[in-house]
Every structure is written in structure tokens, then in C-alpha cells.
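A.B. asks: Structure incoming, see below.
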Amino acid sequence: MTTYVWGYLEEYEKEREDILDAVDTVFKSGKLIWGPSLVAFEQEFAEYHGVAHCAGVDNGTNAIVLGLRALGVGAGDEVITVSNTAAPTVLAIDLVGAKPVFVDIDPDTYLMRTDQVAAAITERTRCLLPVHLYGQCVDMAPLEALAAEHGLVVLEDCAQAHGATHHGRVAGSMGHAAAFSFYPTKILGAYGHAGATITSDPEVDASLRRLRYYGMDQERYYVVTPNGQNSRLDEVHAEILRRKLGRLDEYVAGRREVARIYDEALADTDLVLPATAPGNEHAYYLYVVRHPERDRIIEEMKAHDIALNISYPWPVHTMSGFSHLGYEKGSLPVTEQLAGEIFSLPMYPSLPREEQRRIIEALTKTLARL
């Protein structure tokens with residue numbers, strides 16, 4: 001049986017009664033949309049992050065799209081972000097009519113090079129969009145300073161950083177707004193698509209709530225905001241996420257333990273292991289390592305029924321769908337080099353210890369043969 005980088009069956013077996021009770025609770029309530037589970041989850045998720053408001057939406061991509069629109073980002077604006085990210089980050093910028101502008105990444109942490117952002121700012125720049133990648137946060141202080149200096153907004157992409165902290169501040173609490181995905185693989189994952197956008201600005205929150213509901217006020221069937229869409233978080237997922245939110249810190253602790261075991265077992269190999277940036281508490285959404293023989297390692301590990309993953313093999317600026325942005329090969333050298341070397345080991349809190357030992361043994365033997 002093949003081992004993948006993520007699995008949920010062990011976790012589901014442990015939590016099965018609670019998950020089924022969540023579903024049953026909603027089905028018996030008579031409210032499948034706009035019910036008490038959504039209200040409770042939004043309140044509790046906002047409280048976890050120390051912000052005032054949370055708007056549950058249907059997926060993480062729309063969490064970014066609606067976050068950008070609610071912050072006033074639109075056609076003709078520029079949004080500074082990174083190319084080493086999941087494509088939906090950049091697709092969301094494109095969907096609101098703005099132009100993505102890329103800076104390179106740090107060769108050790110793979111996070112945004114914040115020291116390159118100032119040079120990328122133009123008179124059309126409207127938003128800074130840091131991606132808290134693989135489970136840890138971008139250095140936010142320089143971005144906050146630049147935003148204040150140039151009158152910009154900051155939208156955090158927190159899809160991969162649930163529960164991560166930066167100098168004691170939890171991911172999602174540092175920008176004008178923050179977008180989350182609850183796709184099943186995430187640290188806080190649903191059993192399907194789900195997302196949320198959080199903010200402490202009441203006007204941004206009010207805009208979010210209209211935008212996710214066709215541009216309407218919820219109390220009446222009347223459009224007051226253009227560009228609205230149907231992006232509501234349903235009651236079933238809200239209730240499941242509410243239950244799982246209470247276990248988020250436990251999930252993060254479990255991931256950190258898996259990472260600790262990898263760190264100790266692989267310290268003497270020639271893999272480049274994950275580096276944690278100063279001030280960060282890593283949540284390990286992914287355990288990303290680096291090796292120049294990446295493709296050969298992945299292929300040889302298949303013989304052990306272990307499927308590794310690459311996040312991400314194609315930087316967004318190299319994809320044909322974004323060729324209109326005009327980035328040539330070599331324009332983001334660190335991003336491009338790392339795309340050929342990084343890969344992920346299996347990482348989830350319920351990963352059985354005996355399976356992790358098998359992964360380590362197979363990987364160590366593979367590395368020794370290179």
C-alpha cells in the first residue's frame with residue numbers, strides 16, 4: 001500500500017463519532033445555510049486569531065478574491081506577491097482584474113524576500129500579499145512599515161499556516177485582512193472545500209459579507225454591491241470546522257513532533273532540512289526538503305511505495321497562463337532554482353510512527369546510493 005504525503009483516515013477513525021455527530025446536528029437543525037453553526041464558527045475562528053470579524057466562504061481561492069475586493073483592489077491595481085506559491089494565490093489577483101508583481105524568495109526559508117518589496121512598489125501598487133508558506137510566516141514588520149508609508153493594504157495568505165506564529169502573533173492577525181483555505185489537506189481541514197476571510201475592520205467585514213452573497217444584504221433579496229458572488233460556507237462544514245478548531249493546537253503539536261523526528265533522523269544526510277525564520281513558530285503544513293537530485297530521489301522512493309510531492313514544480317511566473325506578465329527565465333533566480341530541488345515528505349499529525357520510520361529508512365538508503 002502506497003504512503004502519500006497526506007492522509008486523513010487515521011485522524012477520521014479517532015474523530016469519527018464527533019464528525020458524524022456534527023453532521024447529524026446540522027441535519028436535525030433544519031438550517032443548512034446561514035445557521036447557528038456558521039455564526040458560532042465565525043465568532044470562534046475570529047477569537048482564535050484575536051481579530052474582530054470572520055466571514056466563512058466556500059473555498060480558499062474565493063477567500064483571497066473577496067478579501068482583495070473588500071480591500072478595494074481591482075482593475076489597474078498591482079499586487080506584490082511571490083511566484084513560489086499555489087497558483088490560486090495569483091489566479092485570485094487576476095480574477096479581480098489586478099496585476100500580480102513578483103519578488104523573489106529567501107533561499108533558506110523559501111518565503112518572500114521582504115527586502116525586495118520596496119523596489120517593486122509603483123504608483124499603481126495597491127496591495128502587498130505575503131504568502132505564509134509551508135507552515136511559517138513571512139517577516140511582517142517590513143511589510144507593515146511599507147504599507148503605512150505608501151498607503152497600501154496587506155492581505156495575508158494563510159492557507160498553509162493555520163496556528164503558526166510570528167513574534168507571538170498568530171498568522172492572520174497582522175494584515176488588514178487574511179484569507180484561509182480549509183481544503184482537506186490543510187492543518188485545519190474540512191471534508192471538502194471551505195474557506196474564510198478575517199479582519200478587524202468593520203467596513204471590510206461588511207463588504208465581505210455582501211460580496212459572498214451576490215452583493216446582497218443578507219436580510220433582503222436586494223443587490224447593493226457589484227461583483228458579488230455565491231461563496232457561502234455551508235452549515236455542515238462550519239460545524240465540522242468548529243469542532244476541529246478546538247483541536248487545532250493539538251494538530252500543530254502533532255506536526256511539530258513529526259518534524260522533530262525527521263530533523264533528528266535526517267540531520268546527518270545531505271538533504272537540506274526546513275529552516276525556521278527568526279521569531280517564527282513553525283506549524284509544518286508541509287515538511288519541505290531540498291536536494292539537487294530531487295527527481296531521482298522521488299523516482300527511487302516509488303519502489304518503496306512512498307509517493308513524495310513537489311510544492312511547487314512550476315513557479316507561477318513560468319506558467320503559460322501567465323506569460324502575459326512578461327517574466328523571462330532567470331527573472332526570479334532563487335524561485336526558479338528551488339523549483340528543481342524542493343520536495344515534501346509525508347507530514348500529518350496522525351502519521352503512524354512505524355510508517356515514518358519506514359519512510360526515513362527508505363529515504364536514508366536512497367540518499368546513500370546517490
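Take the sequence shown: its letters are residues 1 to 370, numbered as in full-length UniProt numbering. We treat Cβ as the ideally placed atom computed from N, Cα and C, and that holds for glycine.
1) Taking the straight line between their C-alpha atoms, what separation do you get for A92 and I64?
2) Alpha carbon to alpha carbon, how far is V57 from S231?
3) Drop a sphere of 10 angstroms on the beta-carbon of A98, count the other beta-carbons inside from all chains shown, and report buried for 16 or more, exposed for fewer.
4) If we call anything under 9 Å between Cβ atoms a contact, is H237 one with A179?
5) Taking DSSP as the reference, what is the three-state secondary structure of R369?
6) Please state whether the Cβ-Cβ distance between Y312 and R255 is less than 9 Å.
7) Whole beta strand (DSSP E) runs in the segment 316-359 with 3 or more residues, listed along the chain?
8) With a cut-off of 8 Å, do at least 3 Cβ pairs link the segment 258-271 to the segment 49-56?
9) Counting only runs of 4+ residues fully inside the segment 40-123, write out the alpha helix (DSSP H) ranges in chain order.
10) Pairs of beta-carbons, one from the segment 292-300 and one from the segment 316-326, closer than 8 Å: are there three or more?
11) At what residues does the beta strand (DSSP E) containing I198 begin and finish?
12) Out of curiosity, what's the CA-to-CA distance linking C137 and V170?
13) Measure the Cβ-Cβ separation of L367 and F343 and say whether it is below 9 Å.
14) Where does H237 sit, in a helix, a strand or coil, going by DSSP?
15) Are G189 and A164 touching if we call contact CB-CB under 9 Å?
16) Using the Cα positions of V23 and Y8, report the straight-line distance between them to the nearest angstrom.
17) To which residues of the same chain is V316 closer than 7 Å at the C-beta, ignoring the five residues directly before and after it?
18) Can you list, in chain order, the residues of its chain whose CB lies under 6 Å from that of R243, leaving out five sequence neighbours each side?
19) Under 8 Å, with one C-beta from each stretch per pair, do the segment 27-47 and the segment 70-82 reach the 3-pair mark?
20) Buried or exposed: residue 371, going by 16 or more other Cβ atoms within 10 Å of its Cβ?
21) Since Y251 is in the alpha helix (DSSP H), which residue starts that stretch and which ends it?
22) Is it the case that the Cβ atoms of V131 and D157 are separated by a distance below 9 Å?
23) Taking the continuous alpha helix (DSSP H) assigned at A147, which residues delimit it?
24) Y4: buried (16+ other C-beta within 10 angstroms of its C-beta) or exposed?
25) Under three-state DSSP, which class holds S181?
26) Residues bridged to N230 by DSSP?
27) Looking at C-alpha atoms only, which residue of R247, G172, Y110, E123 is the closest neighbour of M140?
28) Taking C-alpha atoms, which residue in L271, G67, C127 lies nearest to A148?
29) Assign D18 to one of three DSSP states: helix, strand, or coil.
30) Express the C-alpha separation of L66 and H53 in angstroms, rounding to a whole number.
31) Just to confirm, are L152 and T125 a CB contact at a threshold of 9 Å?
32) Looking at C-alpha atoms only, which residue of R220, G30, D104 is the closest neighbour of residue 383?
33) What is the rounded straight-line gap between the Cα of P107 and the Cα of E336?
34) Please go through the same chain and pick out, in chain order, the residues whose beta-carbon is closer than 8 Å to the beta-carbon of T364, but skip the five residues on each side of it.
35) Return the bridge partner residues of I306 from the DSSP annotation.
36) Hey, quick one: how far does the beta strand (DSSP E) through E156 stretch, first residue to last?
C.D. replies: This is what the structure gives:
1) 6 Å
2) 5 Å
3) buried
4) no
5) helix
6) no
7) 342-345
8) no
9) 60-70, 87-95, 117-120
10) no
11) 195-199
12) 9 Å
13) no
14) helix
15) no
16) 17 Å
17) S83, T85, A87, V90, F322
18) D18, A22
19) no
20) Residue coverage of the chain in this structure runs from 1 to 370, which leaves residue 371 outside it and unanswerable.
21) 248-266
22) yes
23) 141-150
24) exposed
25) strand
26) Y213
27) G172
28) C127
29) helix
30) 14 Å
31) yes
32) Shown here, the chain extends from 1 to 370; a query on residue 383 therefore has no answer.
33) 11 Å
34) A265, L266, T269
35) T3
36) 153-157
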